[in-house]
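**Student:** Following this message is one structure expressed as structure tokens.
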Amino acid sequence: MESLFRYVSSPSPCGYLPDREWSLEHEYVLSLNKAEYLGRMLEGWRRFGTMLFRPHCLACNACRAIRVRASDFRPDRSQRRARQANEGDVRLSIDAPSVTPAKLALYDRYHAHQAETKGWPEHGPQDADGYTSSFVAQPFPIEEWRYYVGRRLVGVGYVDCCPSRPRPVGEGGVPVPNAEDAGGLSAIYFFYEPGERMRSLGTYNVLCLIEEAVRRGLPYVYLGYYVEGCGSMEYKTRFAPNELRGADGAWRAFRG
Numbered sequence: 023m024e025s026l027f028r029y030v031s032s033p034s035p036c037g038y039l040p041d042r043e044w045s046l047e048h049e050y051v052l053s054l055n056k057a058e059y060l061g062r063m064l065e066g067w068r069r070f071g072t073m074l075f076r077p078h079c080l081a082c083n084a085c086r087a088i089r090v091r092a093s094d095f096r097p098d099r100s101q102r103r104a105r106q107a108n109e110g111d112v113r114l115s116i117d118a119p120s121v122t123p124a125k126l127a128l129y130d131r132y133h134a135h136q137a138e139t140k141g142w143p144e145h146g147p148q149d150a151d152g153y154t155s156s157f158v159a160q161p162f163p164i165e166e167w168r169y170y171v172g173r174r175l176v177g178v179g180y181v182d183c184c185p186s187r188p189r190p191v192g193e194g195g196v197p198v199p200n201a202e203d204a205g206g207l208s209a210i211y212f213f214y215e216p217g218e219r220m221r222s223l224g225t226y227n228v229l230c231l232i233e234e235a236v237r238r239g240l241p242y243v244y245l246g247y248y249v250e251g252c253g254s255m256e257y258k259t260r261f262a263p264n265e266l267r268g269a270d271g272a273w274r275a276f277r278g
């Protein structure tokens with residue numbers, strides 16, 4: 023890994039818990055491979071493109087990295103309904119990421135819907151350069167998961183595949199302990215057609231990730247951060263059994 027620079031943002035109103043402030047540690051990298059990023063995920067980092075980030079809140083540790091034990095997963099009733107609503111009707115295509123007018127338009131419709139229904143910040147039209155820097159220009163190859171109803175694009179997800187070997191290396195070049203079986207699929211971002219929201223495409227996307235992780239022999243699906251008290255994050259805990267990363271860096275069973 024070749025790091026360009028690292029900094030910590032100034033505290034600002036938290037996007038998850040409105041009565042608190044948050045601060046993020048950022049690191050921009052020139053180069054990064056899958057094993058190195060797996061090591062960073064095990065330390066609580068996430069990324070968009072070449073920007074790595076993790077919470078750096080002095081008075082709060084509510085943001086906890088969460089991962090699903092793929093081979094042990096058993097869907098609950100609502101997850102089974104989501105699967106039944108989409109299997110045989112929704113087609114999944116996995117390929118290299120790219121930018122197209124259809125994806126930009128879908129991204130804009132999704133963010134406009136989230137702003138209207140969930141109070142997300144207003145989002146102007148996404149341009150090709152901004153989309154490319156977030157989802158296409160990557161330090162190592164990633165996957166673009168596209169969902170179609172007929173020929174119509176209804177969902178797009180971006181996924182890291184981080185194999186369990188070679189053994190990841192943490193900060194200072196020290197191998198991460200007990201990490202040989204920590205590989206998995208990591209959900210970077212997902213957006214969908216608001217007009218198809220009754221399909222629960224977000225849930226279906228995670229179900230597909232779990233199924234694919236099992237097929238590839240990968241033990242985990244990494245879902246980013248779970249924030250206790252944030253309703254929009256609660257869905258992640260329903261994919262069980264799962265584990266949370268503690269403040270001491272250890273991953274422990276959470277639900278299921």
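Quick note: to get the working numbering, add 22 to the position in the sequence shown (first position is 1). We put the CB at the ideal spot given by N, CA and C, even for glycine.
1. Starting from Leu223, trace the alpha helix (DSSP H) both ways and give me its first and last residue.
2. In the DSSP assignment, what residue or residues form a beta bridge with Tyr244?
3. Work out the CA separation of Glu43 and Trp67 for me, nearest whole Å.
4. Tell whether a beta-carbon distance below 8 Å holds between Val178 and Lys125.
5. Quick check on Tyr38: does DSSP put it in helix, strand or coil?
6. First and last residue of the alpha helix (DSSP H) that includes Asp130?
7. Determine the extent of the alpha helix (DSSP H) in which Glu58 is found, giving its start and end residues.
8. Which value, in whole angstroms, describes the spacing of the CA atoms of Arg237 and Asp41?
9. Could you check whether the region 159 to 173 touches the region 108 to 116, counting it as contact only if at least three pairs of C-beta atoms, one from each stretch, sit closer than 8 Å?
10. Going along the chain, which residues of its own chain have a beta-carbon closer than 6 Å to the beta-carbon of Arg76, five neighbours each way excluded?
11. So, is Glu109 buried or exposed, given that buried needs 16 or more other C-beta atoms within 10 angstroms?
12. Would Ile232 pass as a contact of Phe95 if the rule is Cβ separation under 8 Å?
13. Check whether the region 243 to 252 and the region 80 to 94 touch, using three or more Cβ-Cβ pairs below 8 Å as the test.
14. Going along the chain, which residues of its own chain have a beta-carbon closer than 7 Å to the beta-carbon of Ser155, five neighbours each way excluded?
15. Have a look at Ala201 and Val228 and give me their C-alpha separation to the nearest angstrom.
16. What is the DSSP secondary structure of Arg219, reduced to helix, strand or coil?
17. With H, G and I counted as helix, E and B as strand and the rest as coil, what does DSSP make of Ala159?
18. Taking 8 Å as the threshold, find out whether the region 258 to 276 comes into contact with the region 139 to 156 through three or more Cβ pairs.
19. Compute the Euclidean distance between the alpha carbons of Tyr50 and Gln160, then round it to the nearest angstrom.
**Tutor:** Short version:
1. Here residue 223 refers to the residue found at position 201 of the sequence shown. Run containing Leu223: 223 to 237, per the alpha helix (DSSP H) assignment.
2. Reading the sequence shown from its first residue, position 222 is the one you call residue 244. DSSP output for Tyr244 lists Arg89, Ser208 as bridge partner(s).
3. Position 45 of the sequence shown, counting from 1, holds the residue named residue 67. Position 21 of the sequence shown, counting from 1, holds the residue named residue 43. When rounded, the distance between both Cα atoms is 19 Å.
4. Against the sequence shown, residue 178 aligns to sequence position 156. Against the sequence shown, residue 125 aligns to sequence position 103. Yes, Cβ-Cβ distance for Val178 and Lys125 is below 8 Å.
5. By one-based count along the sequence shown, residue 38 stands at place 16. Tyr38: coil per DSSP, three-state reduction.
6. Position 108 of the sequence shown holds residue 130. Where Asp130 is concerned, the enclosing alpha helix (DSSP H) stretches over 123 to 140.
7. Numbered from its first residue, the sequence shown carries residue 58 at position 36. Looking at the DSSP string, the run of the alpha helix (DSSP H) that includes Glu58 is 56 to 64.
8. In the sequence shown, residue 237 corresponds to position 215, counting from 1. In the sequence shown, residue 41 corresponds to position 19, counting from 1. It is roughly 42 Å from the alpha-carbon of Arg237 to the alpha-carbon of Asp41.
9. yes
10. Translated into the one-based positions of the sequence shown, residue 76 becomes position 54. Within the same chain, Arg76 has close Cβ partners Glu47, Gly66, Trp67.
11. On the sequence shown, residue 109 is found 87 positions in, with the first residue counted as 1. It is exposed - the Cβ of Glu109 has fewer than 16 other Cβ atoms within 10 Å.
12. As a first step, residue 232 must be located in the sequence shown, where it is residue number 210. As a first step, residue 95 must be located in the sequence shown, where it is residue number 73. Cβ distance < 8 Å, so Ile232 and Phe95 count as in contact.
13. yes
14. On the sequence shown, position 133 is the one that residue 155 refers to. The residues are Gly71.
15. Position 179 of the sequence shown holds residue 201. Position 206 of the sequence shown holds residue 228. Bear in mind that a pLDDT of 49 at Ala201, under 50, signals an unreliable position, so the number given afterwards is only what the model happens to contain. The straight-line gap from Cα to Cα measures roughly 23 Å.
16. As a working mapping, residue 219 is identified with position 197 in the sequence shown. It is helical.
17. As a first step, residue 159 is located in the sequence shown; it is residue number 137 there, counting from the start. Coil, per DSSP.
18. no
19. The residue you call residue 50 lines up with position 28 of the sequence shown. The residue you call residue 160 lines up with position 138 of the sequence shown. One Cα belongs to Tyr50, the other to Gln160, and the distance between them is close to 12 Å.
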